[in-house]
Structure formats: structure tokens, C-alpha cells
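Peer 1: Using our numbering, the letters of the sequence shown map in sequence onto residues 15 to 484.
Structure incoming, see below.
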Amino acid sequence: MVVWLIVMWLVLLTPAALAGELEVGFGEVDITPELRDDQPVWLAGYYPGRRATAVHDPLFARCVVLRAEGMKLAWVSVDLIGLQYPAVQQIRRRLADFAYVLVASTHNHEGPDVIGIWGETFLHRGVDDAYVDCVIERVVEVVRRAERGLRPARAEYGVAADESLLADLRQPIVKDGVLRVLRFCDPESGQVSGLVVQWNCHPEALGAENTQLTADFPAATVAALSGPHGIPVVYFSGALGGLLAPPDDRITDDEGRPLMTGSFAFAQRYGEAVAQLAREALARAAPIELTPFRVAATRCGVPIANDLYRWARLLGVLRREAYAWNAAERTLGAPLRAVQPGVTSAIETEVACLRLGELLVAALPGEVYPELVYGHPANLPPEVDYPDAPLEPTVTALVPGRKWLLFGLANDEIGYFVPRRQWDVRPPYAYHAAAPQYGEINSCGPETAAVILDALSDCVARVTGAGNEP
Ligand SMILES: [Zn+2]
Numbered sequence: 015m016v017v018w019l020i021v022m023w024l025v026l027l028t029p030a031a032l033a034g035e036l037e038v039g040f041g042e043v044d045i046t047p048e049l050r051d052d053q054p055v056w057l058a059g060y061y062p063g064r065r066a067t068a069v070h071d072p073l074f075a076r077c078v079v080l081r082a083e084g085m086k087l088a089w090v091s092v093d094l095i096g097l098q099y100p101a102v103q104q105i106r107r108r109l110a111d112f113a114y115v116l117v118a119s120t121h122n123h124e125g126p127d128v129i130g131i132w133g134e135t136f137l138h139r140g141v142d143d144a145y146v147d148c149v150i151e152r153v154v155e156v157v158r159r160a161e162r163g164l165r166p167a168r169a170e171y172g173v174a175a176d177e178s179l180l181a182d183l184r185q186p187i188v189k190d191g192v193l194r195v196l197r198f199c200d201p202e203s204g205q206v207s208g209l210v211v212q213w214n215c216h217p218e219a220l221g222a223e224n225t226q227l228t229a230d231f232p233a234a235t236v237a238a239l240s241g242p243h244g245i246p247v248v249y250f251s252g253a254l255g256g257l258l259a260p261p262d263d264r265i266t267d268d269e270g271r272p273l274m275t276g277s278f279a280f281a282q283r284y285g286e287a288v289a290q291l292a293r294e295a296l297a298r299a300a301p302i303e304l305t306p307f308r309v310a311a312t313r314c315g316v317p318i319a320n321d322l323y324r325w326a327r328l329l330g331v332l333r334r335e336a337y338a339w340n341a342a343e344r345t346l347g348a349p350l351r352a353v354q355p356g357v358t359s360a361i362e363t364e365v366a367c368l369r370l371g372e373l374l375v376a377a378l379p380g381e382v383y384p385e386l387v388y389g390h391p392a393n394l395p396p397e398v399d400y401p402d403a404p405l406e407p408t409v410t411a412l413v414p415g416r417k418w419l420l421f422g423l424a425n426d427e428i429g430y431f432v433p434r435r436q437w438d439v440r441p442p443y444a445y446h447a448a449a450p451q452y453g454e455i456n457s458c459g460p461e462t463a464a465v466i467l468d469a470l471s472d473c474v475a476r477v478t479g480a481g482n483e484p
């Protein structure tokens, strides 16, 4: 009798209504800006004044929506240099029925300026606000489309590593050569419903001379993995700070001749090599339980010690709201309408940790140095500015033994998170350098990494805390 009742109960419930059952849906939408004679599109990255001359391949917003127990998550990836937090907040206001909407940028250096500092000159803002409004519109649209396509799914998680696919342009040499992948399949047919890929490299395969709009190498990675059946693929950039870029000595053409960065042939081949690494990760992928969902997100202030950012804001090139910074409590004060002597300004951003069953997802609003993922190198040169600074928590120490993903440039792009012990803007410089290494110039300041990693530490504790274990 009891058995019969249980069978009846199972039959009466639709599959999606079973507790904890996972559903996924995918979508993509074109976000390529229109090229017009009377309205220049300024390409983001490298230096100002790069006007787009043509479209080589379209830019996309790609999305996966996940649902379990009535709770919905959306993860969106956009082929942009770094969509800003205020734009992401606008997207979320229109998707208020979602438990969490994450919008991450691939950090594409061959798409339109959506931050401001790459206009006609250093003095001109490069953003077309109407374009950003259009991106907001289309992201909302693609999330709804993915939601309409929700179907039951089971998931697998895999990793594969190849550090030779990365150059590190800053000392010390620390790379994140681990590619992480989620594969979703229909539980009945086994058919693949879509992939989520996380790799850790600046989309800079085309280099600074290119003037054609392109999604750079991730376009080739997505196309190769998508294949003839058009499997949806959502590509995310992980810890690409510090500074991870495509290598010049690794990629060859059909005849085995080396290809160098700065050409579409290189971008294509490099993207395919990343796809091949993803296939290795998929070959090793094992089932993973992705329910239930838990979300911890923290809005946090980041003080601005970077004079270039302050000047850019004064000039109207950066239009981000600024607040007075309360250093003792690490909190934001009143909005700052103008520069006030003696008052440190700060911006608001967000750090999050999502827990999906056995998986943790760290969402960090900028460019993470791999040292902040895997651990701080010992014996840094004594010439750095803060040789005895406290060490920030690291991602792997926060998520021991777990399966995880890291989405960089998530919900914001506030620049590099430089470990404070590597901060080096005052002479003499470490590594016998004649000038500061690249990094600090595109960072809010030496406190950023601590603020962000401490916030992540809080979020991880909230989703994994006592009583929450599976
Ligand atoms: Zn960068």
C-alpha cells in the first residue's frame, strides 16, 4: 500500500515539480553596434582613438538560465570590455523574479567602449549611451528567451589544464591554465543541451592595430564547441589579471608555421586550441549535483587611489557615481558631487558566491590576479611598495576540495585586483625594472584586492556555513 501511494505521488507530479530537479535554458542575441558615418564606434582597450571601420564577426550576449525549486538564476556573458555595475542593476530591475542575475563581460578588446576611457582622445568619453541602453534591452530579452526554453537537465563538470596556452606579461609568472566546463544534458535522451566554459585569458588575440569589430578568440572557441548542431555555449573569463594573454610561441598554421598575435588567423587558431582544451575537460567530465541553489551577494565600496580614474571622472570621461570613503569601517558615505580635499572617493560594486549543490561559483567584479586564486608566491623582491602587507585570502583556500567556477568581470569591471604585496609604483622597482610594471595603472588601488577577497570570503561562508552542507 505504501509503495502504491508513493508511485501514485510520483505519477501525479510533473517531472519539473519534483523537489530539486534542475532545468536549464539557453539563449543568445546579437549586440553588435551599428556602424554609421555620423556616429563613430570607439573600440575599447589599448588606447583611445581607435575608430571601428568594419564588422568582422558579430558580438553576442549569451545566456544560461537555471531553475530548481522555483528559484531562477541567469548567467549572461557579453562580448564587451566590461559592462558597468549601473547597467547590470538596470538589467536586474527588469528581471526581478530571478534570485540572481549575473552579467559578466569576456573583456573583449575589439568591441565598443562601454566604460568611457577609449573615446576620440583621452579627453573624450567613448561611450554611446544609446548603445548601452540597447545592450540592456537585449540582455533582458535573451534571459527571457532562455527562460522560455527551460527543460529538465542533468549536469557534468570537468577540468583540463594547459599553461602553455597562456603568456603572463607581468612578473612574477603565475598563470591560471585550468579550463573549467559544465555540460548540461537531457536526462532522458542524453542529448547535450548546452555548455558553460570558463577560461582565463585576455581576449587580445587581434592586438591594438585592429579596427574591425570582433569578439576575438572566444568567437572561434564558441563556434568550434557549438559544432554543426549549434549546441549553445556560454563562454566566461576567469582570473585573467596579472596579466594573462594569448602566447606568441604556441599557435601554428596548417603547415606548422608559427602564428603571432595580431591577426584573424591567429585568433581563429588560438580560439580552436582553447576549444580543444575544453574537449579534454568534457572527456573527463563527471556528473555533478547542481541543486539546491544558494546565493550570497555583497555590495561593497572600493576606494579610488588611482589619480587617472579621478581625473577621468573630473573630465566626465568616467561617469560613475562616487561616494565618500570611510576607511576605518570600509564603508561608503554620502555621494560626492565634486572632488573634496581630504576626502577619499570610492565606488560601489558587488561580489557574490553562488552555491549550486556541489558547485561554488565565485563572481568577482574585475580582473583577478591568478595569485589571488592559487596562493601568494613566496620570496617576492623587497623593492615592492608594501613588502610586509597582510596577504589577501585566496580563492582555492576559500573553497578547499570543491568543484568551482570563477567568473571575472562579473556584474562590473573595476580594473585589476593586484595583491598588495605586489603593488609597485614607487622606485626602485622590483625585478630591476626601469618603470612600474603594467597593472597598477588600471587598478582602483592597493586596497582593492583585500576588499574584494574579504567580501568573497564572507559570501563563501554564507553559502557553505554550518547546516548548509549537502
Ligand atoms: Zn585587462
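Beta carbons: idealized from backbone N, C-alpha and C, even for Gly.
As the structure is a prediction and not an experimental result, all values here were calculated from the model.
Please state the DSSP three-state secondary structure of residue 480.
Peer 2: One-based indexing of the sequence shown puts residue 480 at position 466. Per-residue confidence for residue 480 stands at a pLDDT of 46, beneath the threshold of 50, marking its modelled position as unreliable; the derived number appears in the next sentence. Coil, per DSSP.
Peer 1: Would you mind stating whether residue 444 and residue 398 have Cβ atoms separated by less than 8 Å?
Peer 2: Translated into the one-based positions of the sequence shown, residue 444 becomes position 430. Translated into the one-based positions of the sequence shown, residue 398 becomes position 384. It is a contact, given that the beta carbons lie within the stated cut-off.
Peer 1: With 16 other CB atoms within 10 Å as the buried threshold, where does residue 187 fall?
Peer 2: For the purposes of this step, residue 187 is identified with residue 173 of the sequence shown, where counting begins at 1. Burial call: exposed.
Peer 1: DSSP on residue 231, reduced to helix/strand/coil?
Peer 2: For the purposes of this step, residue 231 is taken as the residue at position 217 of the sequence shown. Correct three-state label for residue 231: helix.
Peer 1: Kindly indicate which three-state DSSP category residue 103 falls into: helix, strand or coil?
Peer 2: Taking the first residue of the sequence shown as 1, we reach residue 103 at position 89. Residue 103 falls in the helix class under three-state DSSP.
Peer 1: Rounded to whole angstroms, what is the Cα-Cα separation between residue 224 and residue 237?
Peer 2: In the sequence shown, counting from the first residue as 1, residue 224 sits at position 210. In the sequence shown, counting from the first residue as 1, residue 237 sits at position 223. C-alpha separation (whole angstroms): 21 Å.
Peer 1: Can you list the residues near ligand 1, meaning Cβ strictly closer than 6 Å to any non-hydrogen atom, in the order they appear in the chain?
Peer 2: Those residues, listed in chain order, are 121, 216, 381.
Peer 1: Below 8 Å between beta carbons: does that hold for residue 70 and residue 96?
Peer 2: Here residue 70 is taken as the residue at index 56 of the sequence shown, counted from 1. Here residue 96 is taken as the residue at index 82 of the sequence shown, counted from 1. No, these two residues do not count as a Cβ contact at 8 Å.
Peer 1: Along the chain, where does the alpha helix (DSSP H) containing residue 385 start, and where does it finish?
Peer 2: For the purposes of this step, residue 385 is taken as the residue at position 371 of the sequence shown. 385-388 is the extent of the alpha helix (DSSP H) around residue 385.
Peer 1: Opposite residue 274 in the DSSP bridges: which residues?
Peer 2: One-based indexing of the sequence shown puts residue 274 at position 260. According to DSSP, residue 274 bridges with nothing at all.
Peer 1: Near residue 385, what residues of its chain come up, given a Cβ to Cβ distance below 8 Å and the 5 sequence neighbours on each side ignored?
Peer 2: Your numbering for residue 385 matches position 371 in the sequence shown. Once the five neighbours on either side are set aside, the close Cβ partners of residue 385 are 186, 188, 256, 391, 408, 433, 436.
Peer 1: Name the DSSP bridge partner or partners of residue 80?
Peer 2: Reading the sequence shown from its first residue, position 66 is the one you call residue 80. According to DSSP, which records beta bridges pairwise, residue 80 is partnered with 38, 87.
Peer 1: Going by DSSP in three states, residue 74 sits in which element: helix, strand or coil?
Peer 2: Locating residue 74 in the sequence shown gives position 60, where the first residue counts as 1. Residue state, collapsed to three classes: strand.
Peer 1: Between which two residues does the alpha helix (DSSP H) carrying residue 148 extend?
Peer 2: Locating residue 148 in the sequence shown gives position 134, counting from the first residue. It spans 143-162 - the alpha helix (DSSP H) in which residue 148 sits, taken as one unbroken run.
Peer 1: Is DSSP giving residue 68 helix, strand or coil here?
Peer 2: The residue labelled residue 68 in the question sits at position 54 within the sequence shown. Strand at residue 68.
Peer 1: Just the C-alpha distance for residue 463 and residue 406, rounded to the nearest angstrom, thanks.
Peer 2: Here residue 463 is taken as the residue at index 449 of the sequence shown, counted from 1. Here residue 406 is taken as the residue at index 392 of the sequence shown, counted from 1. Cα to Cα, the separation comes out at about 7 Å.
Peer 1: So for residue 173, helix, strand or coil by DSSP?
Peer 2: For the purposes of this step, residue 173 is taken as residue 159 along the sequence shown, with counting starting at 1. If DSSP states are grouped into helix, strand and coil, residue 173 belongs with the strands.
Peer 1: For the segment 357-373 and the segment 312-319, state whether three or more C-beta atom pairs, one from each stretch, are separated by less than 8 Å.
Peer 2: As far as the Cβ criterion goes, the segment 357-373 touches the segment 312-319, which means the pair count is three or higher.
Peer 1: Please report the straight-line C-alpha distance between residue 441 and residue 450, rounded to a whole angstrom.
Peer 2: For this step, residue 441 is matched to residue 427 along the sequence shown. For this step, residue 450 is matched to residue 436 along the sequence shown. C-alpha separation (whole angstroms): 8 Å.
Peer 1: With 16 as the cutoff for other CB atoms within 10 Å, does residue 327 come out buried or exposed?
Peer 2: Here residue 327 corresponds to residue number 313 of the sequence shown, with the count starting at 1. Residue 327 should be labelled buried.
Peer 1: Quick check: the Cα distance between residue 465 and residue 394, rounded to an integer number of angstroms?
Peer 2: As a working note, residue 465 is residue 451 in the sequence shown. As a working note, residue 394 is residue 380 in the sequence shown. Computed Cα separation, rounded: 22 Å.
Peer 1: Could you name each continuous beta strand (DSSP E) segment of 3 residues or more that falls completely within the segment 352-439, going from the start of the chain to the end?
Peer 2: You should have 359-370, 373-377, 417-421.
Peer 1: Please tell me whether residue 74 and residue 43 are closer than 8 Å, where the distance is taken between their beta carbons.
Peer 2: For the purposes of this step, residue 74 is taken as residue 60 along the sequence shown, with counting starting at 1. For the purposes of this step, residue 43 is taken as residue 29 along the sequence shown, with counting starting at 1. Yes, the pair counts as a contact, with Cβ atoms nearer than the cut-off.
Peer 1: Nearest by alpha-carbon distance to residue 276: which of 79, 152, 195, 222 is it?
Peer 2: As a first step, residue 276 must be located in the sequence shown, where it is residue number 262. The shortest Cα separation from residue 276 among 79, 152, 195, 222 belongs to 222.
Peer 1: Can you tell me whether residue 319 is buried or exposed, with buried defined as 16 or more other CB within 10 angstroms of its CB?
Peer 2: As a first step, residue 319 is located in the sequence shown; it is residue number 305 there, counting from the start. Buried, by the Cβ-count rule.
Peer 1: So, with DSSP's three-state summary, where would you put residue 472?
Peer 2: Locating residue 472 in the sequence shown gives position 458, where the first residue counts as 1. In this structure, residue 472 counts as helix in the three-state DSSP scheme.
Peer 1: Going along the chain, which residues of its own chain have a beta-carbon closer than 7 Å to the beta-carbon of residue 316, five neighbours each way excluded?
Peer 2: In the sequence shown, counting from the first residue as 1, residue 316 sits at position 302. 360, 361, 363, 428, 458, 462, 465, listed in sequence order.
Peer 1: Starting from the C-beta of residue 400, find all residues in its chain whose C-beta is less than 8 Å away, skip the five residues before and the five after it, and write them out in chain order.
Peer 2: Taking the sequence shown and counting its residues from 1, one reaches residue 400 at position 386. Only 434, 435, 437, 460 meet the Cβ criterion.
Peer 1: Taking the C-alpha atoms as reference points, what is the distance between residue 357 and residue 301?
Peer 2: As a working mapping, residue 357 is identified with position 343 in the sequence shown. As a working mapping, residue 301 is identified with position 287 in the sequence shown. Between residue 357 and residue 301, the C-alpha separation is close to 52 Å.
Peer 1: Are the Cβ atoms of residue 91 and residue 288 separated by less than 8 Å?
Peer 2: Taking the first residue of the sequence shown as position 1, residue 91 is located at position 77. Taking the first residue of the sequence shown as position 1, residue 288 is located at position 274. No.
Peer 1: Taking its Cβ as the centre, do 16 or more other Cβ atoms sit within 10 Å of residue 123, making it buried, or is it exposed?
Peer 2: Numbered from its first residue, the sequence shown carries residue 123 at position 109. Looking at its Cβ environment, which holds 16 or more other Cβ atoms inside 10 Å, residue 123 is buried.
Peer 1: Cβ atoms of residue 141 and residue 425: under 8 Å apart, would you say?
Peer 2: Here residue 425 corresponds to residue number 411 of the sequence shown, with the count starting at 1. Here residue 141 corresponds to residue number 127 of the sequence shown, with the count starting at 1. Contact: no.
Peer 1: What three-state label does DSSP hand residue 522 in the structure shown?
Peer 2: Only positions 15 to 484 of the chain appear in this structure, which leaves residue 522 out of reach.
Peer 1: Can you tell which of 132, 135, 126 has the C-alpha that lies nearest to the C-alpha of residue 146?
Peer 2: Position 132 of the sequence shown, counted from the start, is the residue given in the question as residue 146. Nearest option by C-alpha distance: 126.
Peer 1: With distances taken between CB atoms, is the gap from residue 153 to residue 105 smaller than 8 Å?
Peer 2: Residue mapping note: residue 153 aligns to position 139 of the sequence shown, counting from 1. Residue mapping note: residue 105 aligns to position 91 of the sequence shown, counting from 1. Taking 8 Å as the Cβ cut-off, residue 153 and residue 105 qualify as a contacting pair.
Peer 1: Quick one: what's got a C-beta closer than 6 Å to residue 1's C-beta in the same chain, skipping five residues either side?
Peer 2: This structure leaves residue 1 out entirely; the chain is present only between 15 and 484.
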